[in-house]
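Only one structure is covered here, and it is reproduced in the block below.
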Amino acid sequence: QRSMSYILTAVTILLSIAGATPVFWCGMTYTVKENVTVVVYLDDACNVVQKSRSSAVYFLYVIVSLVLTGRTSREFMKLSRMAEDSTRALIMTNQRIMFIIVSICTLTQMIKACHQFCWVFVAAFKMADLNLFLQQTYDITHYLSTYSAAFSLVVFNKKFRKLMISVKLRDPIPSSVHTKTTVVSIQQS
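FYI, the numbering for the sequence shown is 8 to 196, going by this note's numbering.
Quick look at the structure:
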């Protein structure tokens, strides 16, 4: 049971790494402006491969997340059957909060995956209108998928919220490095 969870967790980490690796064989078009070489664009075949790979990574991440969420929920249910009423209520509350947070994160990753998959169509079929729409909505989908976990934790997890509020910034510690300044006067004759 646990080994499966460890394997799936390792898969999510590897998927995160795989999504960030570049495709080295991609053809790029360059231009030189003021003695600086600038990449103008990637060729369409490269865009299709890059976005297809990115979409696949996102979809696999969502699937693994769903499986891990299901396994965790099942373990919580087993635990709640063994617990007393007050503990059971606490477990169920935590399970509900966890389910909401994971659902939000999975949904935003799925939106990002669909957005990435649309880029495949843009590159493969040269759809200029859809390209413009995807460029305009990229920031929204990117930041939504990036920050949904942190936002969900702040909104739904009381312990996390208290921890964030209780963090006190300390006063700066005085430096222990001292320098000696010497003034030298030079007179010219």
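A virtual CB, placed ideally from N, CA and C, is assigned to each residue, including glycine.
By the C-beta density criterion, C125 is buried, having at least 16 other C-beta atoms within 10 angstroms. With respect to the 8 Å criterion, C121 and A156 are not classified as neighbours on the basis of their beta carbons. The three-state secondary structure of K85, taken from DSSP, is helix. With a beta-carbon spacing of about 7 Å, S12 and L75 fall inside the 8 Å limit used to define contacts. In the structure shown, the three-state DSSP call for K40 is strand. Of the candidates S80, I104, V64, the residue whose Cα lies closest to the Cα of M117 is V64.
For F140 and M99, the gap between their C-alpha atoms comes out near 42 Å. The bridge partners DSSP lists for V45 are T38.
With a beta-carbon spacing of about 22 Å, V56 and V18 fall beyond the 8 Å limit used to define contacts. V127 is a Cβ neighbour of S62, given a cutoff of 8 Å.
The residue from L137, R88, S80 with its alpha-carbon nearest to that of V109 is S80. S87 and Y150 have their C-alpha atoms some 36 Å from each other. Taken in chain order, the complete alpha helix (DSSP H) segments of 4 residues or longer contained in the segment 89-160 are 92-132.
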